[in-house]
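Q: Sequences listed follow chains L and H, in order. Here the first sequence is numbered in UniProt numbering, starting from 1 and rising by one per residue. Here the second sequence is numbered in UniProt numbering, starting from 1 and rising by one per residue.
2 protein chains.
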Amino acid sequence: MRVFNFSAGPATLPQPVLEQVQRELLDWHGIGSSLIEVSHRGPHFSAVRDEAEARLRQLLAIPDDYAVLFLQGGATLQFAQVAMNLLRGGSADYIVTGAWSQKAYREALRLAPALGGKVRLAGSTEESGFTRAPRADELDLDPNASYVHVCTNETIHGVEWLDLDAIAATGVPIVADMSSHLLSRPIDVRQFGLIYAGAQKNVGPAGVTIVIVRRDLINDPWVGTPSVMQYAAQDANQSMLNTPPTFAIYVANLVFAWLEAQGGVAAIETVNRRKAEKLYAAIDALPLYENRVEVPWRSRMNVPFRLRDESLNERFLHESDAAGLKYLKGHKMVGGMRASIYNAMPEEGVDALVAFLHDFAARHTA
Amino acid sequence: MRVFNFSAGPATLPQPVLEQVQRELLDWHGIGSSLIEVSHRGPHFSAVRDEAEARLRQLLAIPDDYAVLFLQGGATLQFAQVAMNLLRGGSADYIVTGAWSQKAYREALRLAPALGGKVRLAGSTEESGFTRAPRADELDLDPNASYVHVCTNETIHGVEWLDLDAIAATGVPIVADMSSHLLSRPIDVRQFGLIYAGAQKNVGPAGVTIVIVRRDLINDPWVGTPSVMQYAAQDANQSMLNTPPTFAIYVANLVFAWLEAQGGVAAIETVNRRKAEKLYAAIDALPLYENRVEVPWRSRMNVPFRLRDESLNERFLHESDAAGLKYLKGHKMVGGMRASIYNAMPEEGVDALVAFLHDFAARHTA
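1) Whose Cβ in chain H lies nearer than 9 Å to the Cβ of T243/L?
2) Find the nearest neighbour of N272/H within the set F305/H, S340/H, L111/H, judged by alpha-carbon distance.
3) Apply the 10 Å Cβ neighbour rule to R135/H and answer buried if 16 or more other Cβ atoms are within range, or exposed otherwise.
4) Skipping 5 residues on each side, what residues in its chain have a beta carbon closer than 7 Å to that of E138/L?
5) K332/L: buried (16+ other C-beta within 10 angstroms of its C-beta) or exposed?
6) So, under 8 Å CB-CB, E160/L and W297/L are touching, yes? Tell me the CB distance rounded to an integer number of Å.
7) Find the nearest neighbour of P244/H within the set L59/L, G74/L, Y66/L, V295/L, judged by alpha-carbon distance.
8) Taking only beta-carbon positions, decide if residue 396/L is within less than 8 Å of chain H.
9) Hey, which unbroken runs of the beta strand (DSSP E) at 3 residues or more fall wholly within the segment 207-250 of chain L?
10) Could you tell me whether any Cβ in chain H is nearer than 8 Å to the Cβ of H181/L?
11) Which two residues bound the contiguous alpha helix (DSSP H) that contains K103/L?
12) Pairs of beta-carbons, one from the segment 346-362 of chain H and one from the segment 273-293 of chain H, closer than 8 Å: are there three or more?
13) Can you give me, in chain order, the residues of the segment 98-127 of chain L that have a beta carbon less than 7 Å from any beta carbon in chain H?
14) Give a yes or no on whether the C-beta atoms belonging to V17/H and V255/H are separated by under 8 Å.
15) Anything in chain L within Cβ reach of D27/H, meaning under 8 Å, just list it in chain order.
16) Determine contact between the segment 290-306 of chain H and the segment 225-240 of chain H, defined as no fewer than three beta-carbon pairs at a distance below 8 Å.
17) Closer than 8 Å is the cut-off here; do at least three beta carbon pairs connect the segment 82-100 of chain H with the segment 140-159 of chain H?
18) Keeping to the same chain, check which residues put their C-beta closer than 7 Å to that of A104/H; ignore five residues upstream and five downstream.
19) Could you check the C-alpha separation between E53/L and V172/H for me, to the nearest Å?
20) Strictly under 8 Å for the Cβ-Cβ distance: is I218/H near chain L by that measure?
21) Is DSSP giving K278/L helix, strand or coil here?
22) Give the single residue among G263/H, G207/H, I212/H, V213/H whose Cα lies nearest to the Cα of V251/H.
23) Please go through the same chain and pick out, in chain order, the residues whose beta-carbon is closer than 7 Å to the beta-carbon of L241/L, but skip the five residues on each side of it.
24) Could you work out which residues of chain H lie near T246/L, taking near to mean beta carbons separated by less than 9 Å?
25) DSSP beta-bridge partners for S124/H?
26) Which residues bound the alpha helix (DSSP H) around R363/L?
27) At a cut of 8 Å, does the segment 34-50 of chain L reach the segment 255-270 of chain H through at least three beta carbon pairs?
28) Please compile the residues from chain L whose C-beta is within a distance smaller than 9 Å of the C-beta of V175/H.
29) Listing by chain order, which chain L residues have their CB less than 9 Å from the CB of A322/H?
30) So, for K201/L: in the same chain, excluding its five sequence neighbours on each side, which residues have a beta-carbon less than 8 Å away from its beta-carbon?
31) Buried or exposed for G349/H, please, with buried defined as at least 16 other CB atoms from any protein chain shown within 10 angstroms of its CB.
Quick look at the structure:
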């Protein structure tokens, strides 16, 4: 029996996708081998890779002057790779809104001297405890920066940006870590210079990293950039400068097809909005629970919450687990609970969690 | 029906492994989720990762002062990563015996100035057309080198080193790309400073890279090394500085268990030797076919061969394919044919190929 899996990532995948992978695992489309047993340069996998790129371009309306890359190393390698490819001896701005943008900032700060560039902190909401992103008037943006880096959805702190207009107005290319909300809603790709995302939330299994980048930005990587980390070289080689993570790309392609069948990102956004509203409504209505993120910044994907009586934490986790609501423990950095409700989390899963929140509160509130 | 798949990589996997993955895909060990849907830091995947490391240590008798890492990026990223971690402002020797060691050499040569070090060519058999590795008296080894790099099995040219004693005698740490023959035979890990291997030959699906490295060599990475590319940092974090490629590690663990069940690397070496001997015997016996690699250097894993009458190439590929002997086309760099006969290629597959070679030659030799 399948459970409701609220893991922040690697995360639940659409069941029809897993069923198709299962059916095809020993003999893909009658070729007598698994797709993961054949050359990435042969006709079978090449067709899948091309289909995955075409589907992603369609789903997000990605313009032709943007490259779509399927890379390795996760978002954390992108923290370095972005700087290696885009810093070009200049200065980059970083905005810190939670654990992940802070990691990106610190990695770039550490590497910048070796790359002959520099990195500035252009805004941070650390003082607030990361309960929101900075307002436009709190940002100190350099109009001559090589790029400005944001994490548009903070997986740990549950802070999501929905409006980057003030940043975009500077004309500086925006580099966005969208790992935990890519494909959860429509975006205007033209507003970004580069978008990256580890796959293991809304895209597919861990092991592939999506990069969407405006081609005019990638022609001058730092001279010491490893070949497979040069965006332009990967673009020229259909992301196959060396053997790509074929299983992860194959499954991502099936997830894209599943998302198309749901009606695409606009349709899934409607569902995601409803799921998030139901969950935040329960948290706000029940005095036992608390989410401190300011309402306009609350993530639709990652919903951290606390029990005001923390002595109930273990019981909450034990009972929710027994009810088939799995992996609700919050990240160790912030404690408490977290429900990640990505595209593949059925609305019934959120309904079951909401019912549990009510039931648990009724039984444990004086 | 499963075919005999001679792909050089991604390559055929043991059928019982694929069957187990298939059974477990929607519900791993009764947890109600796939293993690829749960956190890498949770108990389920952590146990699998630990088991994979323990099995690999046991299979190759890896000493405790060596780290065992499961990384991303393939051998090609290791070309850069080795230099970033081990060059330390010094000089490294490279021995070129085919396409892959040449790629490693060129990448290191390109990056060395940025890393503040240098790279030397300590030997090459390019003039021979890569039909062997250099003899000891042809090597120009620097006893003060930071390391000496070799590719112990050239997947494209079919050249395998079985004896590195002359190099080891210098005392310089040997760095070996073993991508296409790791686990095909016993090795003395102590003879190496660092061993790396892309998984997609004898280890598992593409997407994970094995690194086995003596811990005293990795404490001083170049200052600009990305965090996830620092061996010491990955070692301190059980290869989970960020989300690892969980599917590939999970399958690798099952391949290791399968290899244990075959009797381990000594037992599989006996089979591999027999498979290779049968295939080379047929190539040598039949005038239609030719393998130019000198006998002592012939790879047991990758067997390139040509038809002396190249006008028969298309017919050979068409008929072998129709006979269920798949992916025998040679790499475009060298042309002709190639049969990759990794651990998971059953001996029956080699027998079938040998029978086909005889049959095809009988029908097409004047």
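Positions of the beta carbon are idealized from the N, C-alpha and C atoms, including for glycine.
A: For this structure:
1) Residues of chain H whose Cβ lies closer than 9 Å to the Cβ of T243/L are, in chain order, G9, P10, G74, A75, T76, G198, Q200, A206, G207.
2) For the residues F305/H, S340/H, L111/H, the minimum Cα distance to N272/H belongs to S340/H.
3) By the 10 Å Cβ count, R135/H comes out exposed.
4) If you ignore the 5 residues before and after E138/L, its C-beta comes within less than 7 Å of the C-beta of G123, all in its own chain and listed in chain order.
5) The residue is exposed, with fewer than 16 neighbouring Cβ atoms inside 10 Å.
6) Between W297/L and E160/L the Cβ distance is about 6 Å, and since that is below 8 Å, they are a contact.
7) Of L59/L, G74/L, Y66/L, V295/L, the residue nearest in Cα terms is G74/L.
8) For chain L, the structure presents residues 1 to 366; residue 396/L sits outside this window and is missing.
9) Counting only runs of 3 or more, we get 209-214.
10) By this cut-off, H181/L is not an interface position.
11) In the DSSP assignment, K103/L falls within the alpha helix (DSSP H) that extends over 99-115.
12) Yes, the segment 346-362 of chain H is in contact with the segment 273-293 of chain H.
13) So the close ones are E107, L111, A114, L115.
14) Result yes, Cβ atoms of V17/H and V255/H sit closer than 8 Å.
15) Neighbourhood of D27/H in chain L, by CB distance below 8 Å: M1, R2, in chain order.
16) With a cut-off of 8 Å, the segment 225-240 of chain H and the segment 290-306 of chain H do not count as touching, because too few Cβ pairs lie within range.
17) The answer is yes - the segment 140-159 of chain H touches the segment 82-100 of chain H, with three or more Cβ pairs under 8 Å.
18) Contacts found: F79, Y94, H149, C151, D177.
19) The C-alpha of V172/H is placed about 45 Å away from the C-alpha of E53/L.
20) Any Cβ of chain L closer than 8 Å to the Cβ of I218/H would place that residue at the interface, and such an atom is absent.
21) Reduced to three states, the DSSP call for K278/L is helix.
22) Selected option, being the one with the closest Cα: G207/H.
23) Cβ within range, chain order: S227, V228, A233, Q234.
24) Those within 9 Å of T246/L in chain H are P10, Q200, P205, A206, G207.
25) V96/H.
26) It spans 347-364 - the alpha helix (DSSP H) in which R363/L sits, taken as one unbroken run.
27) Segments in contact, no.
28) For V175/H, there are no neighbours in chain L by C-beta distance under 9 Å, as the nearest C-beta there is about 16 Å away.
29) Neighbours of A322/H on chain L: none; closest Cβ ~12 Å, over 9 Å.
30) Same-chain partners within the cutoff: A8, G9, A11, T155, S179, S180, H181, L182, M301, S340, Y342.
31) Counting Cβ neighbours within 10 Å, G349/H comes out buried, since at least 16 surround it.
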